[in-house]
Amino acid sequence: EDFVDFFSQIAMHHLTRLIIEKNRDVFLPEIRKVLLEIKNNTMNFLKQPTFKKSSIPLGIDDNQVYSIAESNNEVEIKISLYPNEWQIFRLKKPKRYFELRKRNYSSHRGFFSVKGGKFQLAIPFKKRLPDLTEEKSLEKQKMLNIDLGLKTLATLSIIRNEVELERIFLDQKQIIGPKDKWFLPVDKKNQLETCDFSKLINFKWRLIKLQRKAFDFQSKMNRIRYENKQKRKTNHKLPHYNKTKAYWYARRHYKNTWLKIQRIHTELINQVSARIVEYAIFHQIDSIRFEDLRWSQHSRRDSIGYFLSDWQIHWFFSRIIEATSIIARRNNIRTYIVDPKNSSKACSKCGKIGRRVGKNFNCVTEWCKLRIDSDLNSARNLGSLSRKTHLIRL
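For what it's worth, the working numbering labels the leading residue of the sequence shown as 15, then goes sequentially.
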């Protein structure tokens, strides 16, 4: 049967070639006629253009296609897709637009895009970064030392001249609400009114469930792959494993699960970095210092648990540091990373090596015997390490 199909295809190609050669005088005039018609009426044969990706900026011809105007707390946008035909749009919520304008951002010409079947106009903003002021000496600097973690997302400690001025912990509850008010003291009587904890999502438990779900789908894919290979040893007519419905179902859900995990990571990174910088602006911080966790070691699941082993990803910390440095640079704040050698083991009071068990740190020196949160102890040590080790500026 395979030979008959192959031979019939060869015969059809040969027969088609013979028909064209014998009737060339008949086909050529018809082909010329069609080509001339396409040449003279090209637009009739083309579909109306659609925007599938971000197009080039509009209005590069001096407000003949695109213009924007501000008046009485309103933003009016004019667009002309056809000559002498203008369409006028007004922003429903111009608050964000005017907030950027107050922060010395200048609006530029927008560009069109299509997302989710909707026609969108994006307006980019640009700001000239200020020149960094002259760096102060370590004794005069007001430093914000930050220890990043997974049990507590960030531990912040403000230090000037080796004296801690203030400390605060940034975790899941602090992500709710405005980014510039999370660190302000809250009246206990009005706590439920100012902070709606019903909107709080337990990101850590959500990530644990998604990671287990992704692991289950990965195991299912491996099992289907193995069983298919064993069956194909005796029956070669069976379809390949990547063409089976069960494999594609598991593969699709496996990818979707990891996309959800990445979106949660991105949201946490954006929230944590924005709140750190707002806290630094409020307290007039000169520099922000992180631990250099680029080479942090991965621990086994049986030693630290399922959550920490699967969520202990190197790029998560580096992305928080990178996002914070970018936002801080816009507000004239320097960002450094410090060698974290013994930062979690040394006592922030006497400098001797102590004992750390989970979130608790105990100093073994007889005259000190400091007991403190291990993340806070590590954050305090960054100030003293800044004097002893080389700083890397971001």
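Heads up, the beta-carbon is just placed ideally off N, CA and C, and yes, glycines get one too.
- Looking at the DSSP output, Val352 bridges to Glu305.
- Lys141 sits in coil when the DSSP states are folded into three classes, being neither helix nor strand.
- Look at Trp272 here: in three-state DSSP terms it is helix.
- Excluding residues up to 5 positions away in sequence, His279 lie with their Cβ nearer than 7 angstroms to the Cβ of Phe330 in the same chain.
- For His254 and Trp272, the gap between their C-alpha atoms comes out near 25 angstroms.
- Residue burial annotation: Arg266 is exposed, with fewer than 16 other C-beta atoms found within 10 angstroms of its C-beta.
- Under DSSP, Ser85 takes part in a beta bridge, and its partners are Glu88.
- Rounded to the nearest angstrom, the gap between the Cα atoms of Ser301 and Phe375 is 26 angstroms.
- Counting the other CB atoms within 10 Å of its CB gives Met157 a total of 16 or more, which places it among the buried residues.
- With the rule of 3 Cβ pairs closer than 8 angstroms, the stretch 283 to 300 counts as touching the stretch 337 to 348.
- Bounds of any alpha helix (DSSP H) do not take in Asn55, whose DSSP letter is neither H nor E.
- Phe139 has its alpha-carbon roughly 9 angstroms from the corresponding atom of Tyr111.
- If you look at Ile367, you'll find it isn't in any alpha helix (DSSP H); DSSP assigns it neither H nor E.
- Here DSSP, grouped into helix, strand and coil, assigns Trp381 to coil.
- Counting only the Cα atoms, Glu305 lies some 5 angstroms from Pro354.
- Rounded to the nearest angstrom, the gap between the Cα atoms of Thr166 and Lys187 is 11 angstroms.
- With respect to the C-alpha of Thr379, the residue from Asp19, Lys150, Cys361 having the closest C-alpha is Cys361.
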